[in-house]
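**Q** Chains as they are written, first to last, in our numbering: chain Y, 991 to 1223; chain S, 387 to 465.
Pasting in a structure now, in structure tokens, and then I'll have a few things to ask.
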């Protein structure tokens, strides 16, 4: 699996994403600067990592979402190529129109930084084939703007088409309530594109890949991507 | 030509920052403040002479960047 990790000014999780990808695939990902017009030849997967691109100016992900490289990412996705956006990367994918909806300020205005359980909604996608359906995984969250919002028609479509990837849960698998760390509609922690080849998620699976960090539940996502057939033209 | 673009949250979209400001105003014992919604103002200088053209460019700017129309409305004023 050939992965390209995008770099915008202000991102800070690119190293974590690269470590997780290399651990799963054995191949070092290529770091791609935002001003580039093209992705490296043969890219299977584009990862937009977390951080604070452009200092979160205007809106989180708004400026990065319009960068040169995002046109290449759009073309890659249209060809069926895989795209993963984590945290600020999710915000960037929403702002660039690759995913529906928007991430608003957390409901209680607090930056939330903690371990977080998620329920894996389905395991028949390139991102989750190493998990079981409805599996509860422990990863972490670190964000101030993770409150997923979309109009009611969009939410109904996402739910109807099975495009919710993860929901916030507690360790017993109870969805929502206190487990919903930011007020997201329907406890949505991650969503897929229409063709299931683009995933955006607020939590950080790339930080739970080493027992030293308190768990390895994040590994499954990267190992799923390695197992997923390359579909990009 | 000068212009002002005002971006506000659509009705019904939760605005926790506005709520916090509303609470702060209440704590100042200011009377009659029923609610607060926070928005953004952009002051722009344009080289266009034709107001209609300027209006069109600004609409484009709002749709493409200044506002996220999923949750925000915008208003353009040519000053």
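Idealized CB from N, CA, C, for every residue including glycine.
Everything numeric in this text was worked out from a predicted model, so none of it was measured.
(1) Let me confirm a value: residue 1068/Y is counted as buried when at least 16 other C-beta atoms fall within 10 Å, else exposed. Which label applies?
(2) Identify, in the order they occur along the chain, each residue of the same chain with its Cβ nearer than 6 Å to the Cβ of residue 1174/Y, setting aside the five sequence neighbours on each side.
(3) Rounding to the nearest angstrom, what Cα-Cα distance links residue 1085/Y and residue 461/S in this structure?
(4) With DSSP collapsed to three states, give me the class of residue 1066/Y.
(5) Listed from N- to C-terminal order along the chain, which residues in the segment 1125-1156 of chain Y have their beta-carbon within a distance smaller than 9 Å of any beta-carbon of chain S?
(6) Just verifying my parser: in three-state terms, what is the DSSP assignment at residue 1159/Y?
(7) Excluding the 5 residues preceding and the 5 following residue 997/Y in the sequence, name in chain order all residues of the same chain whose CB lies nearer than 6 Å to its CB.
(8) Does the Cβ of residue 1209/Y have 16 or more other Cβ atoms within 10 Å, making it buried, or fewer, making it exposed?
(9) Taking the straight line between their C-alpha atoms, what separation do you get for residue 1193/Y and residue 421/S?
(10) Are the C-beta atoms of residue 1095/Y and some chain S residue less than 8 Å apart?
(11) Check the Cβ-Cβ distances between residue 1091/Y and every residue of chain S, and say whether any is below 8 Å.
(12) Three or more C-beta pairs closer than 8 Å, one from the segment 1125-1133 of chain Y and one from the segment 1144-1155 of chain Y: is that the case here?
(13) Do you know offhand how far residue 1075/Y's Cα is from residue 390/S's?
(14) Between residue 1085/Y and chain S, is there a C-beta pair that is closer than 8 Å?
(15) Within 10 Å of its beta-carbon, does residue 1027/Y have 16 or more other beta-carbons around it, so buried, or fewer, so exposed?
(16) Got a sec: is the Cβ-Cβ distance from residue 1054/Y to anything in chain S below 8 Å?
(17) Suppose you measure from the CA of residue 447/S to the CA of residue 455/S; what does that come to, to the nearest Å?
(18) Under 8 Å, do residue 434/S and residue 427/S count as touching if we go by C-beta distance?
(19) Nearest to residue 1123/Y by alpha carbon, out of 1163/Y, 1206/Y, 1215/Y and 1170/Y?
**A** On the basis of the coordinates in this document:
(1) Burial call: exposed.
(2) 1137 and 1138
(3) 20 Å
(4) Look at residue 1066/Y here: in three-state DSSP terms it is helix.
(5) 1137, 1139, 1140, 1141 and 1144
(6) strand
(7) 1004, 1021 and 1023
(8) buried
(9) 33 Å
(10) Chain S contact via Cβ: present.
(11) Cβ-Cβ to chain S under 8 Å: yes for residue 1091/Y.
(12) no
(13) 34 Å
(14) yes
(15) exposed
(16) no
(17) Rounded to whole angstroms, residue 447/S to residue 455/S spans 12 Å at the Cα level.
(18) no
(19) 1163/Y
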